[in-house]
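Chemist:
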Amino acid sequence: MGKVRVKIDGKEIEVEEGKTILEAAKALGIEIPTLCYHEKLLPYGACRMCLVEAGPGAPKPACATYVTDGMEVKTSTPEVEEIRKTVLQLLFGERNHYCMYCESSGDCELQKLGYKYGLDHFEFPPYEEKYPLDISHPYILFDQNRCVLCRRCARACAELGGHFVLEVKNRGYQSLIAADLNSQFAQSSCVSCGLCVQVCPTGALVDKRAAYLGRKEQAEVIKTVCDRCPVGCGLEVYRRANFILKVYGDWDSPVNQGVLCKNGRYLPLYEERPRLNFPKLKESGAWTRVSPDMAFKVISEKKGSASVYLEGSLPWELLKAFKEAFEDRTFALNPVSPPIPPSAVLKDLEEADTYIVVGVDLNERYGVVGSMIKRRVIPQNARLIAVEAGSLSGITDFSYEYKDLDTALGEARKGNRIVVVYSGLPEGISERLRVESSFKFLFLPFEANTMALKELGIEHRAPVEKVKIFVGENLSFTRSPGDFIVVFTPYETGELREKADLLIPIPGYLEDEGTFVTLEGRRVHRQKVITPAEGVLTVEEVSSRLEKI
Amino acid sequence: MRLARSHVLISIDIESVASGAWEVLRRLKQEIDNQGLSEEVRVLETGTLGVSGRGVVLVVYPERVYYGNVRPEDCPRIVEEHLLKGRPVRELMIPEELIRPVSRDLLGPMREQKRVVLENSGVIDPEKIEEYIARNGYAALEKALSLTPEEVIAEIKKSGLRGRGGAGFPTGIKWESARKASGQEKFIICNADEGEPGTFKDRLILEGDPHKLIEGILIAGYAVGAKKGYLYIRGEYALSLHRMRKAIEDARKLGLLGENILGSSFSFDLEVKEGAGAYVCGEETALMDSLEGKRGNPRIKPPYPTVVGLFGMPTVINNVETLANIPPIIYKGADWFRSLGTESCPGTKVFTILGEVNFPGLVEVEMGTTLFEIIFGYGGGIKGGKKFKAALVGGAAGVFLPESLLGVRMDFDNLKQYKAVLGSGAILVASEEASLPKMLHSVLQFFRHESCGQCSPCRAGTKELYRISTRLLEGRGKVEDLDAMIKLSESLWYSSLCPLGQSLIMPVKSVLENFREEFLPLVQ
Amino acid sequence: MEKVRILKRFEPKRENLISLLHALQRSNAENYLKEEDLKLAANYLSLPFSYVLSVATFYSMFSLKPRGKYVIRICESPPCQLVGAESIVDTVKEFLGINVGETTADGLFTLELSSCLGVCGVAPAMMINEEVYGNLTPEKVRSVLNDLRRGK
């Protein structure tokens, strides 16, 4: 990569070939206004806000023009400033850009530009044509009247999410963003990854739950890591008082670079199960509140005969505390060991030319891994071989059942850099995959902290004893007569009330800090973002009490 | 071809068909049969005979008698009187001077039409490759193959040929740039997405002389080093699509397309691709996107197509008329081409004369012919003897020229001085009775409909301009609106992503500056 | 299935999308692209649905709504406008009793306005399906439509 010298507003700089004027200006600390530009997306150059003078001829869009040696750029001439104002006026007049009752007011890039350029009246009468709202989606509100057709949503849905649900339909002034074949958002193939909302510069795509509850400047933005699966995506959680407004992907996280899936972004915030707010003991069929001291006294009495069954969704500290208290009577509820030893990391997905996904639907779980694969497969930059991969079979011609594994493997071998993506595998399948020496194996552990279970030497076993302690969020088990069951959980479901004897509350989503080990073996620290109800025991509290029993 | 004593040529093109040419043809053949003349008289279907606005046109050879506005019921008389008895039917004939309209009362010496790209249209049967070959068809290709590609490019550069699609870019330089560019493969694209309102010159070449176009593309391919060509024809041109596809098939059968053409090491194939109704696809980068199976969105330039074009490969995109000039230039030489037209714009140009003239249609004349000669000479002046008011020159993306500029010489550079453009060569003539505000409205409606919608200024600006124009025509306009339109079109010129948005300034500014008084009655 | 035969005429490459959509549209009596056609094209060419919709709605010749047996396209560009296209449009509207973009109740005619058709020498002009009619007058238009009505 050679270097080129450019002069921007009189200042000289040397940058690598292949950089745009916008990037070179940024390096010099010169700001150029943009709207359709997004750092993580390929340049579009269509909003025309970033026009700069760059030599003879028409002005050039800084975001999409690559610097050439000796280029002289002027980012702010009277003509260029005038045109930015006109373009803004045209955009404001195109649709409904009355800011007063828009959710995005205060957080809107169009509005910010309007203020910056001193717009104080509508040059062109706005909102002549009224488009319908699409409120069908459970999490996202889509208001066409606020759209500036920057296409960031469609570009992100394609380039980052790999879902290709959104695209512009019609032509010219009748252009509109549509989902699939013009379906309502809710009926489309949207997987609720939420990238569209995250990149929308205006109030066209809005998070329903957070709407009107607080702007960015009224919230605190806390960087943390998602704990819903072992990928370990970076999050930016917007918190106001003790309430989570919304969850955004952290653009700076090297793991997911801003991309999320519905499991981390939406589902936990829409939790409907009632919370367990203090410890409860069932005596003679009736539940009574007990103190933490009392609850742990009960456990202490049963300690000798009790076995612990842990979900892999819990932080390292809690898992360790249980292990130390109950030693070899500590087990995992779900499989721990990889059926095939892993040999790949997430970065290998970027360079592969063939993916073979076995037995896991990446639209339902591990969504960000799914995005990494889909965004290369659908534009035909890589091939996907799906073996019983659920809905993922819809995007490839090479879809097989386990009984046709040989054919699938034959197809896969045609590639050069092949990555197998798998989680749990049925009997007989792992042996046949394992022998493929040219393949790289990317293991997706069953739960967010399965790797920690492995490190702590906790193995999977089905519950058998009479005295059982279950710890987790999504517990479901059978009760036999004579059982004594203790449950540490955030939620008090009907099933638990029926089957358990002692319920002890632990923190829910983002309510406590802890360490997780991702699928690549990295240790990440999860922050405590909000505080649960007073009666809920923290991980620290539980750990220290377990020490003493 | 069996020797017949008489030939009757009947023009089969979209316009004559619209006037009932098929029925006339059927009846004519029937009558010739009835009179037992089938062995002696041959009827040939050909492209346009160069006479427009005269319904179904026939010409009988060897007498070279033209019949116009022929109806099926006229055929018995023509066959019996003229073909059998040798007495042409006077009442149906088109007078000599209307075939080559040269009005002698007007100023200056009138020149004949100089038909270069249209030399075969109306003379040969476009669906018979042998007839093309008989008129030196594919001889230029043979000659080109005997030269090196660089020599071919040099000859085209020497000829000074400039693109006939509207931009007027020197063709030789474009070819040279593509030749020098590096890429796994190179492409030639022929732009036949003729969408500029008032333009149908390319259609006449596609329908009337398809092989000339194929030959031009082949020579371009050889010069540039391409092995594949695409001919992008607008979806509405059904007959052109049919004729080009047939011509390509015929050329393939004779080994003029495919591997080792004419025994050389040059291999080339050509594919026809149809458009689907989008004017913006006439813009070269939007055309490439459309060819690739995408929306017809223009691309940001640079990079230029000769470096990064179709599928990312170096690509030459030339207009139909440009490519139709190539075989004559190679066959007759650059010097011959330079002897026609003007210094900076050699050769001929096909102009379409439309609107309120006596003889709407098209003419091919040398570059540098004045607008006056074209309108009043070839066009026969204003219909009904009315006064001339304005001519919209260049298409919708053109300039309204007032009477004072009638003497302008029509070529790319001369027109620039008057802030006008040659464009596609469409000349829409408005008389004193025409409403220029309504014409402008039609222009703005066109742009609003055809904007691709990618860039904000054009998408919102075309909508805005149309809205202001509507207000004016509905009597709700204010005088500030007039300057607002000019200012808005200037903003679009400065900021739009592609020539579509950039060209609005021409019709808007020219009509409001040259004919402001027409708009004043509409405002408060 | 007939549609599959249409698909097989084209190589499954994205560059064939527009030609494929033309062929699929022509195969429907009502001159339009059904949702199933878009899905077929998408699956055959391995393209996302949203992409195919995006392309199909960009081009004027494609319609996603059912149209009549005869699609009337009247040119409204400057050369035709100047010589009376407006009165031709009015004539058709009145004669058929429909507005622009609508189809007659008997499913015979759909009225559309079009940009320049490239037959300006016979302006004002219109196309009905693939046939061009030029030098139009209100009488001629009525006569043509009557003939089509009577099945000629």
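From first to last, the protein sequence lines stand for chains D, E and A. For the first sequence, my numbering assigns the number -19 to the initial residue and increments by one for each residue that follows. For the second sequence, my numbering assigns the number -16 to the initial residue and increments by one for each residue that follows. For the third sequence, my numbering assigns the number -11 to the initial residue and increments by one for each residue that follows. Glycine included, C-beta positions come from ideal geometry on N, C-alpha and C. A quick note: this is a predicted structure, and the numbers were derived from the prediction, not measured.
#1: SER86(E) CB to nearest chain A CB: under 9 Å?
#2: By a C-beta neighbour count over all protein chains shown, 10 Å radius and 16 as the cutoff for buried, is VAL77(A) buried or exposed?
#3: Is the beta carbon of LEU93(D) less than 9 Å from the beta carbon of GLN178(D)?
#4: Can ILE116(E) and GLY199(E) be called in contact, C-beta distance under 9 Å?
#5: Looking only at C-alpha atoms, which of ILE61(E), MET271(E) and PRO71(E) sits nearest to GLN18(E)?
#6: Can you pull the chain A residues whose beta carbon is under 7 Å from the beta carbon of HIS432(E), in chain order?
#7: How big is the Cα-Cα spacing for GLU445(D) and ARG220(D)?
#8: Cβ closer than 7 Å: which chain A residues qualify as neighbours of PRO132(E)?
#9: Among the candidates GLU527(D), ILE510(D) and ALA428(D), whose CA atom is the shortest distance from the CA of GLU200(D)?
#10: Counting beta carbon pairs with one atom in the region 399 to 413 of chain D and one in the region 248 to 268 of chain D, are three or more of them shorter than 8 Å?
#11: Tell me, please, whether the CB atom of VAL128(D) is closer than 9 Å to any CB atom in chain A?
#12: Would you say the region 377 to 384 of chain D touches the region 342 to 359 of chain D, given that touching needs at least three Cβ pairs under 8 Å?
#13: Whole angstroms is fine: what's the gap from THR310(D)'s alpha carbon to GLY284(D)'s?
#14: Run through DSSP, which three-state label would HIS(-10)(E) get?
#15: Determine, using beta carbons only, whether GLU14(E) and CYS58(E) come nearer to each other than 9 Å.
#16: If we cut at 9 Å on Cβ distances, does ILE(-7)(E) have a partner in chain A?
#17: Would you list, in chain order, the members of the region 168 to 186 of chain E that have their beta-carbon closer than 8 Å to a beta-carbon of chain D?
#18: Can you check which of these residues, LYS(-9)(A), GLU3(A), SER42(A) and LEU136(A), is closest to ARG14(A) by C-alpha distance?
#19: My assumption, with CB atoms under 8 Å, is that PRO112(A) sits in contact with SER425(E). Please give the rounded CB distance.
#20: DSSP three-state label for PRO126(A), please.
#21: By Cβ distance below 7 Å, which residues in the same chain neighbour TRP158(E) in space, the five residues on each side in sequence not counted?
#22: Nearest to PHE498(E) by alpha carbon, out of ARG226(E), VAL290(E) and GLU386(E)?
#23: Using a threshold of 9 Å, state whether the C-beta atoms of ASP252(E) and ARG226(E) are closer than that.
#24: Could you name each continuous beta strand (DSSP E) segment of 3 residues or more that falls completely within the region 61 to 132 of chain D, going from the start of the chain to the end?
#25: Apart from the five residues on each side of it in sequence, which residues of its chain come closer than 6 Å, Cβ to Cβ, to PRO311(E)?
#26: What runs of the beta strand (DSSP E), each 3 residues or longer, lie entirely inside the region 41 to 128 of chain E?
#27: How far does the beta strand (DSSP E) with LYS260(D) in it extend, from its first residue to its last?
#28: Quick check on GLU200(D): does DSSP put it in helix, strand or coil?
#29: So with Cβ pairs under 9 Å, would you call ARG2(A) a contact of chain E?
#30: Report back the beta-carbon spacing between ALA175(E) and TYR314(E) to the nearest angstrom; my notes put them in contact at under 8 Å.
#31: What residue from GLU326(E), VAL40(E), GLU275(E) and ILE365(E) has the CA that sits closest to ILE336(E)'s CA?
#32: Under 8 Å between beta-carbons, which chain E residues line up against GLU89(D)? List them in chain order, please.
#33: Interface residues of chain E around GLU23(A) at Cβ under 7 Å?
#34: Restricting to Cα atoms, I'd like to know which of TYR213(E), LEU240(E) and GLU242(E) is closest to GLU254(E).
#35: Are the region 422 to 430 of chain D and the region 326 to 344 of chain D touching by the rule of at least three beta carbon pairs closer than 8 Å?
#36: Cβ atoms of TYR107(D) and GLN124(D): under 9 Å apart, would you say?
Modeler: In short:
#1: Because SER86(E) carries a pLDDT of 35, less than 50, the predicted location of this residue cannot be relied on, and no value is offered for it.
#2: buried
#3: No. Outside cutoff.
#4: no
#5: ILE61(E)
#6: SER103
#7: 45 Å
#8: Near PRO132(E) there are no residues of chain A at all, since even the closest Cβ is about 27 Å away, more than 7 Å.
#9: ILE510(D)
#10: no
#11: no
#12: no
#13: The alpha-carbon atoms of THR310(D) and GLY284(D) are separated by roughly 12 Å.
#14: HIS(-10)(E) falls in the strand class under three-state DSSP.
#15: With a cutoff of 9 Å on beta-carbon distance, GLU14(E) and CYS58(E) are scored as near each other.
#16: Not a single CB atom of chain A sits nearer than 9 Å to the CB of ILE(-7)(E).
#17: The region 168 to 186 of chain E vs chain D, Cβ under 8 Å: nothing.
#18: Comparing Cα-Cα distances from ARG14(A) to each of LYS(-9)(A), GLU3(A), SER42(A) and LEU136(A), the minimum goes to LYS(-9)(A).
#19: Taking the Cβ atoms as the reference, PRO112(A) lies roughly 12 Å from SER425(E), outside the contact range of under 8 Å.
#20: helix
#21: ILE136, ILE139, ALA203, ALA206, VAL207 and VAL299
#22: GLU386(E)
#23: no
#24: 120 to 123
#25: Excluding positions up to five away in sequence, the list reads VAL99.
#26: 41 to 44 and 48 to 50
#27: 260 to 263
#28: strand
#29: Yes, its Cβ sits closer than 9 Å to a Cβ of chain E.
#30: With a Cβ gap of about 22 Å, ALA175(E) and TYR314(E) do not count as contacting.
#31: ILE365(E)
#32: In chain order: nothing, as chain E lies at least about 13 Å away.
#33: What GLU23(A) touches in chain E: nothing, since even the nearest Cβ is about 18 Å away.
#34: Check the Cα spacing between GLU254(E) and each of TYR213(E), LEU240(E) and GLU242(E): the tightest is with TYR213(E).
#35: yes
#36: Going by C-beta atoms, GLN124(D) is not nearer than 9 Å to TYR107(D).
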